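Numbering (the numbering used here), first residue to last: 320 to 570.
Backbone N, C-alpha and C define an ideal beta-carbon position, used for all residues, glycine too.
In this text the structure is predicted, and so the values were computed from the model without any measurement.
Here the structure comes first, spelled out in structure tokens, and everything after it is commentary.
Right under this line is the structure:
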């Protein structure tokens, strides 16, 4: 659970979190507020300037899920947004897909938006943040996030719709990260994908130092100057085993 107090989880950096071509990111979300604030609320963020990617909600005639892919060579933010606002207190599944020159956003298994993408995400060495970002506490998620998945290919619409209710069979070479948050207690959650080194030290960043201008040139920085950090186990403010509600629970 992520609250207005500034809860934040960090999974560190790794090469397979910087996809060089097609990829998919997905998560179950349950917002606890209808209006997060004036700009963005991040579900997943691996973004600094024109590099990386983000799965978020954006304030545009209501808070709608969105997916952003940043390309430094082109100085562009390639973005797409959904058409509905996930209901407060209700579980919804969101997925962002990049591949074949397009970015797509899916909500509850249905395609809600497609946009042209001229290039892949530019790699960086910043952490993957869950429920927060480098852009200040005003952009933090307020509510629940569960069943985070990152794939190194573009999943099809049928795969997203069917897979949101089922665990993938492991090992799967296309699944590069998988956090289920099923520990029930404590403040760490293990990556269950089976990728990466066998041991990784957990890391909890607290509140990342804010950086101005999401997607702007003001926070561009060479990835070579940023230290890569351990990943695979994330630390979160609280892990609580929750009860299914209304059938809209990630099975």
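In this structure, the beta-carbon distance from residue 401 to residue 388 does not fall below 9 Å. Segment contact: the region 453-466 against the region 416-432, fewer than three CB-CB distances shorter than 8 Å; contact not assigned.
Comparing alpha carbon positions, the residue from 497, 326 and 456 closest to residue 359 is 456. From the listed residues 354, 485 and 471, the smallest Cα separation to residue 416 is found for 471. Per DSSP, residue 478 is not a residue of any beta strand (DSSP E); the alpha helix (DSSP H) it occupies stretches across 476-482. Assigned with DSSP and collapsed to three states, residue 510 falls in strand.
Separation of residue 430 and residue 368 (C-alpha to C-alpha, rounded to the nearest whole angstrom) is 27 Å. If the five residues before and after residue 493 are omitted, its C-beta is found closer than 7 Å to the C-beta atoms of 470, 471 and 472, all from its own chain and listed in chain order. Here the alpha carbons of residue 448 and residue 345 stand approximately 14 Å from one another. For residue 434, the secondary structure class from DSSP, reduced to helix, strand or coil, is strand. When only Cα atoms are considered, residue 428 and residue 512 end up about 22 Å apart. Residue pairing by DSSP places residue 390 opposite 395 in a beta bridge.
In the three-state reduction of the DSSP assignment, residue 456 falls in the helix class, which pools H, G and I. In the three-state reduction of the DSSP assignment, residue 334 falls in the helix class. Between residue 404 and residue 348, the C-beta spacing is not below 9 Å. Secondary structure note for residue 342: its beta strand (DSSP E) is the uninterrupted segment 342-350.
Across the set 342, 354 and 363, the C-alpha of 363 shows the shortest separation from the C-alpha of residue 446. For residue 411, the uninterrupted beta strand (DSSP E) run begins and ends at 411-418, by DSSP.
Around the beta carbon of residue 450, a 10 Å sphere encloses 16 or more other beta carbons of the protein chains shown; the residue is thus reported as buried.
In the DSSP assignment, residue 447 falls outside any beta strand (DSSP E), carrying neither H nor E. The three-state reading of DSSP puts residue 378 in strand, counting E and B together.
In this structure residue 490 is exposed. Its beta-carbon is surrounded by fewer than 16 other beta-carbon atoms within 10 angstroms.
In the DSSP assignment, residue 363 falls within the unbroken beta strand (DSSP E) covering 359-366.
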